[in-house]
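Reminder that position 128 of the sequence shown reads as 564 in our numbering, one-by-one numbering, no gaps.
C-beta: ideal position from N, C-alpha, C; glycine also.
Note that the coordinates shown come from a computational prediction; the quantities given were computed from them, not determined experimentally.
Notes follow once the structure below has been shown.
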Amino acid sequence: MPNLIHLTLEFIRLDDEDLNQLNECFPCLHTLNLIGVGGLKDPKIHLLHLKACRWEVSNVPRSLVVHAPDLVFLELKCIRPDTLILDSPSLSTLKLTIDKLGATVRVDGLLRLTNLRIESLDFSSLFPVFIDNRGIRTLELELPESASQYELLEAVNPDYLLRMLASISEVKLAPRFSCELKLCLALCKGSQFGSCLKKLLIHVPQPGSCSHLLPLFEICAPLCEVTVLFHAESADAVRQGAISVCMQNFPDIRWQWGTWQ
């Protein structure tokens with residue numbers, strides 16, 4: 437089956453040798469999904485024609501290496517590899533879920549990376565590597581399920597966070613990140629700087645007040661499209677009050693309203 441172009445392996449155990457054999461036996465793969473694959477220690481994906489990859493690592497390998505020059509989409513879920521090497525110069529979309537970035541990271545070749553999703557608390561390591569000095573246009577941020585607002589505050593400087601978000605065209609703040617953002621925004625010292633932010637989506641937790649989000653709205657570029665999703669159990673009166681405050685304070689923003697659960 438050397439001409440196979442799509443392959444999915446779920447919840448099985450592979451040794452490094454097995455993965456090496458996969459690279460050799462299926463050189464024409466365009467799509468590879470490795471879901472809940474355990475047993476790997478120093479796995480390497482080496483596929484010259486691979487275009488899309490979803491890789492969920494169930495154990496804690498020492499290193500993770502992806503050598504795929506045609507790869508454009510990568511969803512990688514791992515814990516804390518000591519070494520992470522992404523040799524994928526065509527990669528444009530990266531969805532990364534990781535506990536902690538290791539000491540050795542080689543991602544300098546990601547020159548076309550424009551769409552990024554990060555789920556982690558290790559922002560102090562991840563932001564400089566994957567965002568600073570790159571042309572990221574779309575960014576989504578999420579926290580692990582166990583994270584708190586105090587851990588978020590320890591993970592990233594509030595003013596650095598605002599400046600970084602203002603440098604992105606489109607930002608999506610996922611539910612857990614949005615819900616733990618209050619303390620971080622309260623400690624921001626200023627938000628009067630140029631902004632590229634043209635599209636923002638944020639989830640508002642119960643009870644539904646938006647007052648703590650004002651520093652975030654202040655960094656929006658003129659005519660920015662802001663989508664505010666209220667928790668479905670928020671009271672209607674609270675929602676209407678929040679909507680009124682937002683529209684009065686930021687009349688130049690194009691507002692959209694919705695709900696989430």
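Under the three-state reduction of DSSP, GLN628 is assigned to coil, being neither helix nor strand. Apart from sequence neighbours up to five positions away, the residues of its chain that approach GLY630 with a beta-carbon distance below 8 Å are ALA602, ordered along the chain. In this model, HIS485 and HIS639 are separated by some 38 Å (Cα to Cα). VAL508 sits close to SER526, with the two beta carbons spaced by under 9 Å. Secondary structure at SER647: helix, using DSSP grouped into helix, strand and coil. Apart from sequence neighbours up to five positions away, the residues of its chain that approach CYS514 with a beta-carbon distance below 7 Å are VAL493, LEU500 and ILE534, ordered along the chain. Distance from the Cα of ASP568 is smallest, within the candidate group GLN684, LEU557 and ARG599, for ARG599. Between LEU546 and LEU575, the gap from beta carbon to beta carbon reaches 9 Å or more.
By the C-beta density criterion, GLY626 is exposed, having fewer than 16 other C-beta atoms within 10 angstroms.
Taking 8 Å as the upper bound for CB-CB distance, GLU578 and GLU555 are in contact here, some 4 Å apart. Secondary structure of GLY474 (DSSP, three-state): strand.
Under the DSSP assignment, CYS620 falls in the alpha helix (DSSP H) whose first and last residues are 618-622.
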